[in-house]
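With the sequence shown counted from 1, adding 1 to any position gets you the working numbering.
The C-beta atom is built at its ideal place from N, Cα and C for all residues, glycine as well.
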Amino acid sequence: MTNTLKKLNPEFNHVLQSFSDLAVGSGIKIYLVGGAVRDLCLCRKTFDLDIVVEGDAIKFVHTFCERNKKKFKKHHVFGTATIYFDDFHVDFVTARRETYAFSGALPKVKPASLKEDLFRRDFTINAMAISLNKEDYGLLVDFYGGRKDLENGLIRVLHEKSFMDDPTRILRAVRFEQRFSFKIESVTLELLHKAIMQEAFSFVNAHRLRDELISILKESKPYKYLVRLFRLKALFFINRSLKINKKDALLFARLDKGIYFYEKEFEAHRKLEEYILYLTAILIKFPRKDAASFLERFGFKKGDKMRILSIYDNLISAKTLTKKTLPHKIFQFLNPFSFESVVFFYAYYPDKEIRRHINFFLSNLSVVRLKLKGHDLKQMGFAPLTLYGKLFEKLLHAKMDKGFESIDDEIKEARAIFRKLSA
Ligand code: CTP
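Written out as structure tokens, the structure is:
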């Protein structure tokens, strides 16, 4: 298993080795756990490192950061701490046992052994560890059969109260099942059905459900995840009347294509928050007020809410982009929107003309800049200053419609606009 750790990138290996050195010196045991171990066994790339400390995790992190001049954050209530490296962070937790006072409650935690810590976790495939201790560095610790379940492609809970203790695991089960093309093991599936029937979702904090929903929508091509959840009746928490049907398959496929097209063709633009588009595709099925109240209740960020609702409010007017629309009118319509909204319009309307306009906006209009600056106007004796804003706007629009390139064209046009404005 020593080789398994070697599959990690050199930077991760280096930090794990330095944690290991400190652990030996401090006389405590530490283990790599969770998703990183699972991904290593599957030979998949891993992005996060989670470490369990059999001992005081906060003290360990504190000492490490003091010696290595690193930044960290600690959460005393949970016995956890995070160290920040340049391109990644590492989460530490004190090995613990969890008890839930009621379904969906935040757990009460007590320090415990690694074995107990792994037992509190969601699925066997996420409940393995790799030792980072000198005597058996790199050894896989697998108390609950995670390795075998990985080989057989099974998602299995560790105990029968798992979904009721933490109903967000219903969403997580489907997420891992679909991501890895695994199966939810039969007893686990029964427990999952039972938890849904017992309305487990109604006991969980809405923000935790929101975060899991976002994680699902951040997976590649999330439509199949949603279909599976819908069939399991696990999407009612969004809206009782939500249905995912064939018509959605088409919109989701067009969104996949639209996102791919945007990322490929417009690399210079910022990356899309893709989940916003997929979430809109779900919410667009409901009246605006229901979508707004969902976003409010689940505590979505203000910016997300605004982006989603602005798609609602302008979906119909996007249809007014026709063959005759002048470039500056296309710009005026599309420019106030986020790129997520623009790509949503692109995917929503298969109409060639609308798509051509959006393509033109992204590739051309959104990056048109004037060569002429305020100080040029001043030098040329244009006055008063109060007209500059209006002049630049009209000049930009004229540049879009007429496509002129040189500064001389801009100056000529500026003179004409200025004459009209001051007439
Ligand atoms: N975990 C859990 N129950 C949850 C959430 C997390 O038991 N509701 C445990 C699992 O052991 C999981 C680990 O905490 O592996 C880390 O959680 P997270 O980062 O959310 O998941 P990963 O398994 O790392 O998955 P991903 O690849 O999506 O990051």
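Per DSSP, the continuous alpha helix (DSSP H) segment holding residue 61 begins and ends at 58-69. For residue 328, the enclosing alpha helix (DSSP H) covers residues 328-335. With respect to the 8 Å criterion, residue 32 and residue 115 are classified as neighbours on the basis of their beta carbons. In this structure, the beta-carbon distance from residue 154 to residue 181 falls below 8 Å. Sixteen is the threshold: when 16 or more other Cβ atoms of the shown chains lie within 10 Å of the Cβ of residue 224, as they do, the residue is buried. Judged by their CB atoms, residue 350 and residue 319 are nearer to each other than the 8 Å cut-off. By the C-beta criterion, the stretch 45-57 is judged to be in contact with the stretch 84-99, since at least 3 inter-stretch pairs fall below 8 Å. DSSP, reduced to helix, strand and coil, places residue 114 outside both helices and strands of the structure shown, so it counts as coil.
Taking a cut-off of 8 Å for Cβ pairs, the stretch 369-381 and the stretch 405-421 touch, as three or more such pairs fall below it. Across the structure, residue 420 and residue 329 are spaced so that their CA atoms are roughly 21 Å apart. Residue 126 is classed as buried because its beta carbon has at least 16 other beta carbons within 10 Å across all chains shown.
When secondary structure is reduced to three states using DSSP, residue 270 falls in the coil class, being assigned neither helix nor strand.
Using a cutoff of 7 Å, the CB of residue 319 does not count as near the ligand CTP, since none of the ligand's heavy atoms is closer than that. Residue 354 and residue 412 have their C-alpha atoms some 33 Å from each other. Under the three-state reduction of DSSP output, residue 40 falls in the helix class. In this structure, the CA atom of residue 191 is about 22 Å from the CA atom of residue 245. In this structure, the CA atom of residue 38 is about 6 Å from the CA atom of residue 129. Three or more pairs of CB atoms, one per stretch, sit closer than 8 Å, so the stretch 330-343 contacts the stretch 304-313.
Here residue 124 is bridged, per DSSP, to 158. Residue 398 carries a helical assignment under DSSP once its states are collapsed to helix, strand and coil. Per the coordinates, the alpha-carbon of residue 193 lies some 35 Å from the alpha-carbon of residue 84.
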